[in-house]
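Q: There's a structure below that I have some questions on.
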Amino acid sequence: MTTRLFTMVSGIGIGLFVLMCAQGRVVELPRIAADAEAAPRSAEAATLTTVGPAPGNALGLRAALAQAGLTLGAPIYLRVFKSNGQEGALRIISSVQRDWEEVWIPNLKRAWVELWVQGKEGSYKLFKRYVVCTYTGNLGPKRYEADKQAPEGFYAIQRHGMNANSMYYRSMDIGYPNAYDRLQRATGSHIKFHGMCISGGCFTMGEPHGEDHQQMDELYTLVQAVHTSGQTQVPVHIFPFPMTQENMALHLNSSWMPFWTMLKPAYDFFERDRVPPQVQVINGEYVISPGSM
301 MTTRLFTMVS GIGIGLFVLM CAQGRVVELP RIAADAEAAP RSAEAATLTT VGPAPGNALG
361 LRAALAQAGL TLGAPIYLRV FKSNGQEGAL RIISSVQRDW EEVWIPNLKR AWVELWVQGK
421 EGSYKLFKRY VVCTYTGNLG PKRYEADKQA PEGFYAIQRH GMNANSMYYR SMDIGYPNAY
481 DRLQRATGSH IKFHGMCISG GCFTMGEPHG EDHQQMDELY TLVQAVHTSG QTQVPVHIFP
541 FPMTQENMAL HLNSSWMPFW TMLKPAYDFF ERDRVPPQVQ VINGEYVISP GSM
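See below:
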């Protein structure tokens with residue numbers, strides 16, 4: 301009887317969290333900015349203090365960062381890709397047993413998060429890639445609550461969006477809807493990175509089979525250290541896929557191409573300069589801030 305009751309309560313909890321990811325309330329958020337200058341150069345001295353215990357192996361992260369010439373607490377940048385851009389595309393491949401053949405690659409939703417850290421010279425270096433366990437919906441932005449769609453665009457994790465005691469281990473709110481979303485009358489909120497493998501619009505960093513929270517622990521620890529060092533928000537840029545010319549051509553007929561074309565300058569800016577651009581919303585469109593140039 302006790303086991304059955306626990307299962308029922310757990311099931312209710314999961315359902316409530318999925319609903320929160322997809323529905324929730326619309327909240328007013330400040331303008332997105334990388335805010336890298338707000339972080340002191342002595343970021344290495346950052347301490348990990350927040351509500352609840354500090355997650356992750358901070359000493360291990362310090363050592364790994366130091367090996368790469370980076371420091372814990374230095375400004376970071378999260379870049380999310382929902383797919384590699386090739387899923388569902390008709391591709392021509394070479395086969396040893398046959399001549400050329402056409403292969404339809406299924407949509408496996410293999411999303412990932414890139415974590416970049418600012419080095420001493422000012423540019424950002426790739427520290428690690430994290431596999432997203434799952435997200436809901438398809439390529440394209442989120443538009444309304446309960447559409448079970450994960451957002452695309454330019455967001456930020458603020459200190460008040462961190463939850464070390466989440467029902468789903470730990471969570472970090474990305475700040476959806478942003479100024480652009482609100483102008484589009486997009487609804488919904490509570491879109492997060494969290495430590496389980498169940499989603500109603502969130503990006504989940506847990507393991508599908510087990511209780512391994514290493515990915516979420518590391519992400520949470522790194523973001524938390526940045527907040528403690530003085531950077532008020534961590535930029536999170538979410539793209540449908542790496543916005544190469546090849547991928548853009550493969551998706552040329554998508555109804556979302558005008559929206560994706562608006563995202564591409566920010567992608568290209570970082571690819572060129574390895575510094576996250578500051579993005580503003582001007583006349584209802586995403587625009588790279590002149591201060592980034």
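Position one of the sequence shown corresponds to residue 301 (the numbering used here), numbered consecutively onward. For every residue, glycine included, the Cβ atom is placed at its ideal position computed from N, Cα and C.
1. Determine the contact status of A363 and A525, defining contact as a CB-CB distance below 9 Å.
2. Hey, could you find the ends of the alpha helix (DSSP H) W560 is sitting in?
3. Contact check, F594 vs A366 under 8 Å by CB: the rounded distance?
4. Measure from the alpha carbon of G475 to the alpha carbon of each residue in N547, E571 and K442, then state which is nearest.
5. So within the segment 466-505, which uninterrupted alpha helix (DSSP H) runs reach at least 4 residues, ignoring any that extend past its ends?
6. Ordered along the chain, which non-local residues of its own chain (more than five positions away) have a Cβ less than 6 Å from that of V581?
7. Using 9 Å as the threshold, is the C-beta distance between H537 and R379 below it?
8. Buried or exposed, going by whether 16 or more other CB atoms sit within 10 Å of the CB of G453?
9. In this structure, does DSSP put H551 in helix, strand or coil?
10. Quick test of your reading: L415 and L522, contact by CB under 8 Å. State the CB separation rounded to the nearest angstrom.
11. From the DSSP output, in three-state form, read off E421 for me.
12. Can the beta-carbon of V376 be found closer than 9 Å to that of V417?
13. Hey, quick one: how far does the beta strand (DSSP E) through Y586 stretch, first residue to last?
14. Give the secondary structure of Y455 by DSSP, where H, G and I count as helix, E and B as strand, and everything else as coil.
15. Out of curiosity, what's the CA-to-CA distance linking P577 and V534?
16. Pull up the DSSP beta-bridge partners for V579, would you.
17. Let me check understanding here. Comparing Cα to Cα, which of E421, T487, R482 and H551 lies closest to Q449?
18. If distances are taken between C-alpha atoms only, which option among D517, V587 and N583 comes closest to Y469?
19. My understanding is that K382 touches Y435, with C-beta atoms under 8 Å, so please give their C-beta distance in whole angstroms.
20. Three-state secondary structure (DSSP) at T371?
21. Less than 8 Å between the CB atoms is what I'm expecting for F559 and N384, so what's the real figure, rounded?
22. Any idea if D473 is buried or exposed, counting beta-carbon neighbours within 10 angstroms, 16 or more meaning buried?
23. Any heavy atom of the ligand NAP inside 8 Å of the beta-carbon of V432?
24. Suppose you measure from the CA of D512 to the CA of N583; what does that come to, to the nearest Å?
25. Where does the unbroken alpha helix (DSSP H) through Q514 begin, and where does it stop?
26. Closest by CA to S466, which one among G419, M496, V413 and Y455?
27. Whose CA, out of A464, F539 and E585, lies closest to the CA of R410?
28. Among residues of its own chain, excluding the 5 on either side of G506, which ones have a beta-carbon nearer than 6 Å to its beta-carbon?
A: Reading from the atomic positions:
1. 9 Å or more divides the Cβ of A363 from the Cβ of A525.
2. Its alpha helix (DSSP H) spans residues M557 to D573.
3. Given that the chain is displayed from residue 301 to residue 593, the structure contains no residue 594 and the question cannot be resolved.
4. If we check each option's Cα against that of G475, K442 comes out closest.
5. If we require 4 residues or more, the alpha helix (DSSP H) runs fully inside the segment 466-505 come out as 479-483.
6. Once the five neighbours on either side are set aside, the close Cβ partners of V581 are A479 and Y480.
7. Yes, they are a contact pair.
8. Per the 10 Å Cβ criterion, buried.
9. DSSP places H551 in coil when its eight states are reduced to three.
10. Between the beta-carbon of L415 and that of L522 there is about 7 Å, and that keeps the pair under the 8 Å contact cut.
11. E421 sits in coil when the DSSP states are folded into three classes, being neither helix nor strand.
12. Note that residue 376 is Ile in the sequence shown, not Val. For I376 and V417, yes; Cβs fall inside 9 Å.
13. Where Y586 is concerned, the enclosing beta strand (DSSP E) stretches over E585 to I588.
14. Y455 falls in the strand class under three-state DSSP.
15. Rounded to whole angstroms, P577 to V534 spans 12 Å at the Cα level.
16. Residue pairing from DSSP places V579 in a beta bridge opposite I588.
17. Among E421, T487, R482 and H551, the Cα nearest to that of Q449 is on T487.
18. The shortest Cα separation from Y469 among D517, V587 and N583 belongs to D517.
19. With 8 Å as the limit, K382 and Y435 qualify as a contact, their Cβ atoms being about 7 Å apart.
20. Here T371 sits in coil by DSSP.
21. The Cβ separation is near 19 Å, so there is no contact.
22. Buried is the call here.
23. Only the bare structure without any ligand can be found here, which leaves the ligand NAP out of the picture.
24. Their backbone Cα atoms lie some 44 Å apart in a straight line.
25. Looking at the DSSP string, the run of the alpha helix (DSSP H) that includes Q514 is Q514 to S529.
26. The residue with the shortest Cα to Cα distance from S466 is M496.
27. Distance from the Cα of R410 is smallest, within the candidate group A464, F539 and E585, for F539.
28. C433, G495, M496 and C497.
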